[in-house]
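This report concerns only the one structure given below.
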Amino acid sequence: MCNLYNLTTNQQAIRDFVRITYDAAGNLEPDLDVYPDRAAPVVRQTAAGRELSRMTWGMPTPPQFLKTPDAPDTGVTNIRNTTSPHWRRWLGPENRCVIPATAFSEYGQIPDPVTRRKPLCWFALDETQPLFVFAGIWTTWHGTRGSNRSPRPGEHRLFGFLTTEPNAVVKPVHPKAMPVILTTPQEIEVWLTADWKDAKALQRPLADGNLVQCRKGV
101 MCNLYNLTTN QQAIRDFVRI TYDAAGNLEP DLDVYPDRAA PVVRQTAAGR ELSRMTWGMP
161 TPPQFLKTPD APDTGVTNIR NTTSPHWRRW LGPENRCVIP ATAFSEYGQI PDPVTRRKPL
221 CWFALDETQP LFVFAGIWTT WHGTRGSNRS PRPGEHRLFG FLTTEPNAVV KPVHPKAMPV
281 ILTTPQEIEV WLTADWKDAK ALQRPLADGN LVQCRKGV
């Protein structure tokens, strides 16, 4: 599961690529590492057009997986099973979004013999790490985020992105899944506006030739 991604680009590039109508994100960092339960730029379709804003990474956890009913929720970052009633409620255009990124990471399978830690591997469209977007969903949620030590009660705008089976580039590192990646304005338009019967076709691996393993920040 991808639990860390990077966004290294300028804000105007995001506005142009996703054809933003309204920017409510404030000034974005030029080099942003995004971890679960942290804020990140997200694009959603509104009645007034496409809005760039910040949301917290991690959709509401299904209640049966919380330790206790009142436990703080750290959220679900990656969503695979779109037939689940828990996720199905957010698959309409009003709850779909795209998440700008330039690289994402997965942990390798073989630990380092010295540190005994699994290596962190990075993936991008090519070595120059151009902008792309993840296909995601979002919602407004009332409850407590964070941890017992640092709870954050209140209203939260949350997002997560879809995953699918890995392509041949990701599979040797992470054989279970990879994020759903969109690379063209046409794909973004379908994801943000089309009926689910058409949009669901985008939940597929990126073509093998369109992804490389890279060094972060190159």
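So that you can map any letter, position 132 of the sequence shown is 232 in my numbering, and since no number is skipped, the others follow by simple counting.
A virtual CB, placed ideally from N, CA and C, is assigned to each residue, including glycine.
When secondary structure is reduced to three states using DSSP, L231 falls in the coil class, being assigned neither helix nor strand. Contact check for V269 against D226 fails: the beta carbons are separated by 8 Å or more. Fewer than three pairs of CB atoms, one per stretch, sit closer than 8 Å, so the stretch 204-216 makes no contact with the stretch 289-307. For G246, the pairing in a beta bridge is given by DSSP as P251. V280: not part of any alpha helix (DSSP H); DSSP gives it neither H nor E. Here V176 is near G158, since their CB atoms are less than 8 Å apart.
In the three-state reduction of the DSSP assignment, W187 falls in the helix class.
Here the C-alpha atom of T264 lies approximately 6 Å from the C-alpha atom of R180. CA-CA distance, P163 to W238, rounds to 17 Å.
The closest CA to that of T156, considering only T146, R150, A113, T174, is found on T174.
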